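Each residue of the first sequence is one higher than the one before, counting from 625 in the numbering used here. The beta carbon of each residue, even a glycine, is placed where N, CA and C say it ideally should be. Here the structure is a predicted model, which is why all the values come from computation and not from measurement. Here the structure comes first, spelled out in structure tokens, and everything after it is commentary.
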Amino acid sequence: MHPNSNQLSHMGTNKYYVVWKGFAPGVYDSWEEAEMQVSGYPDASYRAFKTMEAAVEAFREGFDKESLIKEVAREMERLEKEGTVIEFDKKKSGKADIPKAEAPAEAPAPAKTTTPIEKTTPTETTPPVKKRVIVQQPPPYLVDSLAVDAACAGNPGPMEYRGVLVRTGQEIFHVGPMEGGTNNIGEFLAIVHGLALQEKQGTRLPIYSDSVNAQKWIRIGICKTQLEENEQNAPIFDLIRRAESWLRTHTFRLPIYKWETSKWGEIPADFGRKKH
RNA sequence: ACAUCC
DNA sequence: GGATGT
Ligand SMILES: [Mg+2]
Ligand SMILES: [Mg+2]
């Protein structure tokens, strides 16, 4: 469901758009602005509000309350259908066999409110009267960074990986699909590719990966996969050897950080094809 | 258990 | 539900 941007296109829009998860979370007063922050962002979270006050308040909550409520409602319905009895009584409960209900989903912790960011320095092209960005939270991660991720259709299965600029979502590299890889091989190769490419380009963006496993393999300089080589996946093993060799023969390194998926949502390089 | 991939 | 990994 997308807010409609067509109607009343003249004389400025009257809605306010909260972006909780997007390239630059904040409150925007035009769908065009908001859309730039959410389109192409995995699991983007955003909603339109009628007034700036409502929007700012909702943004400060740190998450989309509306969708959380709907989630909880769906869960209640599901439990009801299963015949699960939810017990709201306090400590004292003499009743013997009441099936235990799952704890209701907890509200995510509100985004940490750190110092308000200075507005992106207005250029001459910025409309002077009306600020377009009403509220802007600095994201908890480094925006000047490269995000990498891998995917495979089955594990093992056809494997691919890519890297994107966190700031813009722009894809910097994309390899595959290649037959018969594992998730972990892909996550490993993605990081090495990010390092090698940046050395070649002369850039030094820190790298985000959501794979603790791959980060460890980078540290030890070895792809410790248990997958066995065969004819089908030979090209992947070729790549692995090249990657390990690169790590051995180059001292060039960059900070590699854990992308905290549970707090920040899917890494921007995600392929967005998980179930659910 | 944690982190991922389907 | 199943696989890859520490
Ligand atoms: Mg990943
Ligand atoms: Mg992913």
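Near residue i, which residues of its chain fall below 8 Å by C-beta distance, leaving aside the five closest residues on each side in sequence?
{"i": "residue 899", "result": "none"}
{"i": "residue 673", "result": "639, 640, 641, 642, 679, 682"}
{"i": "residue 666", "result": "889, 890, 891, 892, 894, 896"}
{"i": "residue 856", "result": "803, 804"}
Rounding to the nearest angstrom, what Cα-Cα distance links residue i and residue j in this structure?
{"i": "residue 848", "j": "residue 691", "result": "41 Å"}
{"i": "residue 781", "j": "residue 877", "result": "30 Å"}
{"i": "residue 671", "j": "residue 688", "result": "8 Å"}
{"i": "residue 777", "j": "residue 811", "result": "14 Å"}
{"i": "residue 742", "j": "residue 686", "result": "Reliability of the predicted coordinates at residue 742 is poor, the pLDDT of 30 falling under 50, and no value is obtained from them."}
{"i": "residue 859", "j": "residue 884", "result": "31 Å"}
{"i": "residue 840", "j": "residue 761", "result": "32 Å"}
{"i": "residue 614", "j": "residue 831", "result": "Outside the modelled stretch of the chain, which goes from 625 to 900, sits residue 614, for which no answer is possible."}
{"i": "residue 807", "j": "residue 864", "result": "13 Å"}
{"i": "residue 838", "j": "residue 677", "result": "44 Å"}
{"i": "residue 658", "j": "residue 648", "result": "9 Å"}
{"i": "residue 705", "j": "residue 886", "result": "29 Å"}
{"i": "residue 872", "j": "residue 835", "result": "21 Å"}
{"i": "residue 694", "j": "residue 702", "result": "12 Å"}
{"i": "residue 842", "j": "residue 815", "result": "8 Å"}
{"i": "residue 775", "j": "residue 803", "result": "12 Å"}
{"i": "residue 653", "j": "residue 757", "result": "7 Å"}
{"i": "residue 813", "j": "residue 827", "result": "19 Å"}
{"i": "residue 728", "j": "residue 801", "result": "Unreliable positioning characterises residue 728 in this predicted model, as indicated by a pLDDT of 37, which lies under 50. A coordinate reading is not provided."}
Between residue i and the rest of its own chain, which residues show a CB-CB distance below 7 Å, the 5 nearest in sequence each way excluded?
{"i": "residue 768", "result": "791, 829"}
{"i": "residue 788", "result": "771, 794, 795, 796, 892, 893"}
{"i": "residue 911", "result": "Because the chain in this structure spans residues 625 to 900, residue 911 falls outside the shown range and cannot be described."}
{"i": "residue 870", "result": "816, 820"}
Take residue i and list the residues in its own chain whose beta-carbon comes closer than 6 Å to its own, dropping the five residues that flank it on each side.
{"i": "residue 759", "result": "650, 651, 680, 683"}
{"i": "residue 668", "result": "645, 646, 662"}
{"i": "residue 799", "result": "785"}
{"i": "residue 818", "result": "770, 772, 787, 831"}
{"i": "residue 861", "result": "853"}
Starting from residue i, follow its DSSP beta bridges and name the residues at the other end.
{"i": "residue 882", "result": "833"}
{"i": "residue 776", "result": "783"}
{"i": "residue 802", "result": "783"}
{"i": "residue 861", "result": "Its beta-bridge partners do not exist; DSSP assigns none."}
{"i": "residue 851", "result": "Paired residues: none, contrary to the question."}
{"i": "residue 825", "result": "None, per the DSSP bridge assignment."}
{"i": "residue 670", "result": "643"}
For ligand 1, list every residue whose C-beta falls under 5 Å from any of its heavy atoms, going in chain order.
773, 834
Give the list of continuous alpha helix (DSSP H) stretches no shorter than 4 residues that lie fully inside the region 635-662.
For the region 635-662, whole alpha helix (DSSP H) runs of length 4 or above, ordered along the chain, are 655-662.
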